[in-house]
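Okay, structure first, notes after.
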Amino acid sequence: MAEIQITDLNAPELEPFREMRQRNWTNESGIFIAEGPLLVERLIRSSYEVRSVLLDRKYYAHYAAMVPPETDLLVIDHELVPEVVGFNFHRGVLGCGQRKPERTVEQELITQPLAANETLMGIVGVQDPENLGGILRNCAALGVKNVVIGPSAADPLSRRVLRVSMGNALRLNLYRSRNMRLDMQLLRERCGVQSFATSLLDGSEPLETVRRTSPVMILMGNEKLGLPLDIQHAADRRVRIDMELGTNSLNVTVAAGIIMHYFCRLA
60 MAEIQITDLN APELEPFREM RQRNWTNESG IFIAEGPLLV ERLIRSSYEV RSVLLDRKYY
120 AHYAAMVPPE TDLLVIDHEL VPEVVGFNFH RGVLGCGQRK PERTVEQELI TQPLAANETL
180 MGIVGVQDPE NLGGILRNCA ALGVKNVVIG PSAADPLSRR VLRVSMGNAL RLNLYRSRNM
240 RLDMQLLRER CGVQSFATSL LDGSEPLETV RRTSPVMILM GNEKLGLPLD IQHAADRRVR
300 IDMELGTNSL NVTVAAGIIM HYFCRLA
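Here my numbering is used: the first residue of the sequence shown is 60, the next is one more, and so on.
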């Protein structure tokens with residue numbers, strides 16, 4: 060562990076944490092930020108490399124032994140933290156993680172053996188970070204470890220998604236899909252994965268009537284617009300949750316949790 064005492068707010072080591080509300084480190088940056096004790100500790104215990112930890116001096120004793128030896132530990136006085144991050148941050152600890160190389164269905168996921176009871180999640184167009192974070196938290200809770208992030212979805216390692224997922228995004232195998240229809244086909248042909256699109260189209264099956272005999276991938280779409288029609292039609296089957304009392308639909312996070320729980324119980 061390289062311990063660095065920060066006294067100069069212009070120190071280059073502070074760059075990842077500077078003015079966080081005005082910045083959003085994307086995949087191209089190669090890094091992401093974890094905020095607060097829970098997320099930083101989950102980052103430390105994850106398979107992601109921890110580049111640095113910015114620490115309020117009063118928490119030094121708690122974290123000094125926890126931080127990996129190859130990680131920079133940046134120690135700063137309490138009153139300087141808000142000046143660095145750009146707002147009054149009270150939790151006292153921030154972590155900078157190194158993103159992994161982008162993983163794709165074609166290059167990695169279809170090369171892995173998938174058990175007949177495997178459940179995967181496919182996400183298309185879920186742009187709201189809170190919705191995506193909630194879905195990823197549900198995935199981790201229900202043991203759905205392989206998640207395919209499709210076009211126009213939020214960044215699964217953005218600050219807000221990480222916060223809403225309670226750091227559980229770091230426990231999942233995340234794959235990026237540029238063409239979900241093609242990846243659905245690859246998973247079907249190479250791994251026997253049957254795709255289930257959440258859909259209100261005619262011909263969709265009530266969830267409680269569905270049975271499974273193979274690995275499955277559940278496909279969730281944008282909360283307002285749903286899954287694109289081409290994805291719905293390309294799926295092997297379409298499934299719905301029947302509503303009561305004139306309700307049209309559920310929040311996408313809630314719906315994803317219900318559907319994953321159902322399929323995982325069928326496993």
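Ideal Cβ positions, reconstructed from N, Cα and C, are used throughout, including at glycine.
Close beta carbons around residue i, own chain, < 7 Å, minus the five adjacent residues each side
i	result
S224	G192, L195, R196
G316	N197
A293	R240, M243
N147	P141
N281	G184, V185, Q186
R158	N86, G89, I90, F91, L216
Q335	Missing from the structure shown is residue 335; the chain here goes from 60 to 326 and no further.
R101	G226, L229
L286	V183, A256, T257, S258, L278, G280
Y118	G151, V152
6 Å Cβ shell around residue i - same chain, five flanking residues per side excluded
i	result
T178	V203, V275, F322, C323
R230	A199
I65	L133, I135
L325	R271
N232	K204, N205
Among the options, nearest to residue i - alpha-carbon criterion
i	options	result
R240	T85, E94, A256, I135	A256
V183	P215, G95, Q171, A174	P215
L288	V152, E189, S258	S258
S105	Q291, G226, A294	G226
Q186	I318, T312, L325, S88	T312
R219	R82, P71, E74	R82
A213	Y122, N86, L201	N86
V252	P160, R150, L278	L278
V143	R77, S236, Q291, T306	R77
T163	F91, E189, R271, P210	P210
N238	E189, N190, G181	G181
S273	C250, R235, P160	C250
I318	E303, T268, L304, L284	T268
V99	D67, A228, V206	A228
H121	E129, S254, L139, L97	L97
R150	M125, W84, G95	G95
R270	P75, S254, G145	S254
E72	I63, M79, R80	I63
G145	G305, T306, M302, E74	E74
L201	H320, Y234, G305	H320
P172	N205, L233, W84, D67	N205
V207	R235, N190, Y107	R235
N190	A175, R222, N176, M79	R222
Residue range of the unbroken alpha helix (DSSP H) whose run includes residue i
i	result
Y107	Y107 -> no alpha helix (DSSP H), and no H or E assigned at all.
D131	Premise fails: D131 lies in the beta strand (DSSP E), 131 to 135, not in any alpha helix (DSSP H).
G316	311 to 325
Y119	119 to 123
E142	140 to 144
Residue interval of the beta strand (DSSP E) (run including residue i)
i	result
I290	Note, I290: premise wrong, no beta strand (DSSP E); alpha helix (DSSP H) at 288 to 293.
T272	Unbroken run through T272: none, as it is neither H nor E.
T178	178 to 182
E94	90 to 94
E72	Per DSSP, E72 belongs to no beta strand (DSSP E) and is neither H nor E.
R297	296 to 299
Q64	61 to 65
G285	Note, G285: premise wrong, no beta strand (DSSP E); not H, not E.
G151	Per DSSP, G151 belongs to no beta strand (DSSP E) and is neither H nor E.
L233	232 to 235
Spatial neighbours of residue i in its chain, beta-carbon cut-off 8 Å, leaving aside the 5 residues before and after
i	result
R116	V134, I135, D136, H137
R299	T257, S258, L259, S263, E264, P265, L266
M125	E100, I103
A314	T257, M279, I300, S308
Residue-level contact to chain B via CB, residue i, 9 Å cutoff
i	result
V185	Checking the listed chains, one finds no chain B in this structure; it contains a single protein chain.
Residue i beta carbon near the ligand HEM (any heavy atom closer than 8 Å)
i	result
A123	Looking at this structure, you won't find the ligand HEM or any other ligand, since it has none at all.
*In chain order, which alpha helix (DSSP H) runs of at least 4 residues are fully inside the segment 190 to 226?*
218 to 223, all fully within the segment 190 to 226.
*Is the number of C-beta pairs between the segment 111 to 123 and the segment 148 to 157 that are closer than 8 Å three or more?*
Touching, yes.
*Does the segment 163 to 177 come close enough to the segment 238 to 253 that 3 or more CB-CB pairs lie under 8 Å?*
Yes, the segment 238 to 253 touches the segment 163 to 177.
_Ordered list of beta strand (DSSP E) runs contained in the segment 245 to 280, each at least 3 residues_ = Within the segment 245 to 280, the complete beta strand (DSSP E) runs of at least 3 residues are 253 to 257, 275 to 279.
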